[in-house]
Amino acid sequence: MANSAFIIWISLLCLSNWKCYGWIDMNPLKFIKEELSKERDNYALTSYSSDIYAVAGHSALLNSPQDGLKDKDKIESLPGQPLGVNFDQYSGYVNVDSQDGRSLFYYFVESPQNSSSKPLVLWLNGGPGFSSFGAGTMMELGPFRVNKDGKTLYQNEYAWNKDYKVNGDIRTARDSYTFLVSWLARFPEYKTRDFFIAGESYAGHYIPQLAQAILYNNQHANQTIINLRGIAMGNALIDLETMMKGTVDFYWTHALMPDEIYHGLTSSYNFASLNSSDKVCLEFIDQGDAAAGNIYSYDIYAPLCNSSSKFNTEIANSGEINRNWKDKPQTVLPIIQELMAEGIRIWVYSGDTDGALPVTCTRYAVKKLGTPVRTAWYPWYTQGEVGGYAVGYQNLTFVTVRGAGHFVPSYQPARALVLFSSFINGTLPPPA
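In mature numbering (1 follows the signal peptide of the UniProt record, and there is no 0), the protein residues as written are -22 to -1, 1 to 410.
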């Protein structure tokens, strides 16, 4: 495999060793109720010719001084780092708004083999606001995991930088783009590398929008500033209608919701409308939530921690936070269609035990695109077992990961690495 991994995270939210679950959770039925209850302007972002991605002072940005900053950002050793680490690490801040003094934090890990020729990958967690460093790096795909003592690290056998170079957590497409251009000025040896974006959850919005911003600015600068080749999104929120319908169907088919509540809910509401003040519909959602009980929605079969933080869970499901997050389209499917038309590699994947953004949501969203099948559904394998299932569409690949919850690289690291390598190499997951 000829590749690399470059990773950016904004803040360290957590360092943990997972054995049980529930430290933070997202209740999908409460989320649906909140979405149905609020007034909205339904809109979708379309056409990367839109000037919403225009960056002020773009020419100056391309030539922003970054001399000496790379050497200052190099990490000699992380606290608790094990011996025998054979790759370089960097971290620091990149300014994205001089006027307001805003900067983004990054953590960058090179591949231990052939790092001079491998592609570059940016990793984004979702949320909004979930740390790509605390979660993505330390609990999923980064080079280290945290030992049980909470103080020392050990090397992750299935770290994605073994074959690639990976990045992390960004707030908006424009800030992300500004960050990337400045970062590439700091690390000029990566300017011409193939560039990929991967992530999960609400990054299903971040990633297509960032890809759209890259294409827009490449076009308007009349040069390839960032050599975007593909995007991959896991258990992603990409379309609100299919998220709602897919979640309700998943709860019913996985015996988390009784027949009478399911049929009452689906008969009282048309998910395509996205707006409902219907009292009966909202009551059925509350009943469905109560019927499911206290489960960890990110993996419906996982054991719960007795000491899990109720505060974190309540904050994650706060209606106030959801209402205040206004800048989000209800669907990014039009952007995905544009990216497909531009020849950008598109992968969507789902862990099949995630109840927060279930596999049914992804399947319904892909079906909504209406793109023809090129390779029919088949089981893919790793380590002699079925790793999941895959379908190859025209300009898009859909993959499931068997036995994985919302955080696929954490639940099934070996299967996630096979999936990721296939994505970078432009091949379907191995059929045997």
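C-beta: ideal position from N, C-alpha, C; glycine also.
Fair warning: this is a prediction, and the values are worked out from it, not measured in the lab.
{"Check": "Should Leu406 and Gly370 be called a contact, given that it needs their Cβ atoms to be closer than 8 Å?", "Outcome": "yes"}
{"Check": "Determine the closest residue to Gln265 out of Ala191, Pro236, Leu282, with distance taken between C-alpha atoms.", "Outcome": "Pro236"}
{"Check": "Out of curiosity, what's the CA-to-CA distance linking Asn272 and Val226?", "Outcome": "17 Å"}
{"Check": "Roughly how many angstroms separate the alpha carbons of Ser328 and Val379, rounded to a whole number?", "Outcome": "6 Å"}
{"Check": "Would you say the segment 240 to 252 touches the segment 354 to 363, given that touching needs at least three Cβ pairs under 8 Å?", "Outcome": "no"}
{"Check": "What's the C-alpha gap between Leu260 and Lys11?", "Outcome": "6 Å"}
{"Check": "Would you call Glu298 buried or exposed, if buried means 16 or more other Cβ atoms sit within 10 Å of its Cβ?", "Outcome": "Residue placement at Glu298 is poorly supported in this model, since its pLDDT is 44, which falls under 50; the coordinates are not used for a value here."}
{"Check": "Less than 8 Å between C-beta atoms, sequence neighbours within five positions excluded: which residues of the same chain meet that for Lys288?", "Outcome": "With a pLDDT of 41 at Lys288, under the threshold of 50, the modelled position of that residue is not reliable, and the figure given next carries that caveat. None."}
{"Check": "Using beta-carbon positions only, say whether Ile192 and Ile209 come within less than 8 Å of one another.", "Outcome": "no"}
{"Check": "Taking the beta carbon of Glu219 as the centre, do at least 16 other beta carbons fall within 10 Å, making it buried, or is it exposed?", "Outcome": "buried"}
{"Check": "Can you list, in chain order, the residues of its chain with a C-beta nearer than 8 Å to that of Val310? Leave out the 5 residues immediately preceding and following it.", "Outcome": "Ala22, Leu23, Gly182, His183, Pro186, Gln187, Ile216, Asp217"}
{"Check": "Per DSSP, what kind of secondary structure is Val310 in: helix, strand or coil?", "Outcome": "coil"}
{"Check": "To which residues of the same chain is Leu47 closer than 6 Å at the C-beta, ignoring the five residues directly before and after it?", "Outcome": "Arg164"}
{"Check": "How would you call Asp277, buried or exposed, if buried means at least 16 neighbouring beta carbons within 10 angstroms?", "Outcome": "buried"}
{"Check": "Is the segment 310 to 327 close to the segment 372 to 390, with three or more CB pairs under 8 Å?", "Outcome": "yes"}
{"Check": "Cutting at 8 Å between CB atoms, please list the residues of its own chain near Glu292, excluding the five before and the five after it.", "Outcome": "With a pLDDT of 40 at Glu292, under the threshold of 50, the modelled position of this residue cannot be trusted; read the value that follows with caution. Same-chain partners within the cutoff: there are none."}
{"Check": "Distance, Cα to Cα, Ala268 vs Pro336?", "Outcome": "19 Å"}
{"Check": "State the CB to CB distance for the pair Arg393 and Ala410, rounded to an integer number of angstroms; the pair is presumed to be in contact (CB under 8 Å).", "Outcome": "15 Å between Cβ atoms; not a contact."}
{"Check": "Could you tell me the boundaries of the alpha helix (DSSP H) in which Leu395 lies?", "Outcome": "391 to 403"}
{"Check": "Note down the Cα distance separating Asn195 from Val351, rounded to an integer number of angstroms.", "Outcome": "32 Å"}
{"Check": "Cβ atoms of Ala199 and Leu317: under 8 Å apart, would you say?", "Outcome": "no"}
{"Check": "Only counting the same chain, and skipping five residues up and downstream in sequence, which positions put a Cβ closer than 7 Å to that of Lys345?", "Outcome": "none"}
{"Check": "Measuring alpha carbon to alpha carbon, tell me which residue in Gly70, Asp172, Gly333, Ile314 is nearest Ala233.", "Outcome": "Gly333"}
{"Check": "With a 10 Å radius around its C-beta and 16 neighbouring C-beta atoms as the bar for buried, classify Pro6 as buried or exposed.", "Outcome": "buried"}
{"Check": "Measure the alpha-carbon distance for Asp49 versus Phe83 and round it to whole angstroms.", "Outcome": "16 Å"}
{"Check": "Just curious, the beta strand (DSSP E) that Arg380 is in, first and last residue?", "Outcome": "Looking at the DSSP string, Arg380 is not in any beta strand (DSSP E), and its letter there is neither H nor E."}
{"Check": "Does DSSP put Leu100 in a helix, in a strand, or in coil?", "Outcome": "strand"}
{"Check": "Among Ala354, Gly404, Phe9, which one has its Cα closest to the Cα of Tyr180?", "Outcome": "Phe9"}
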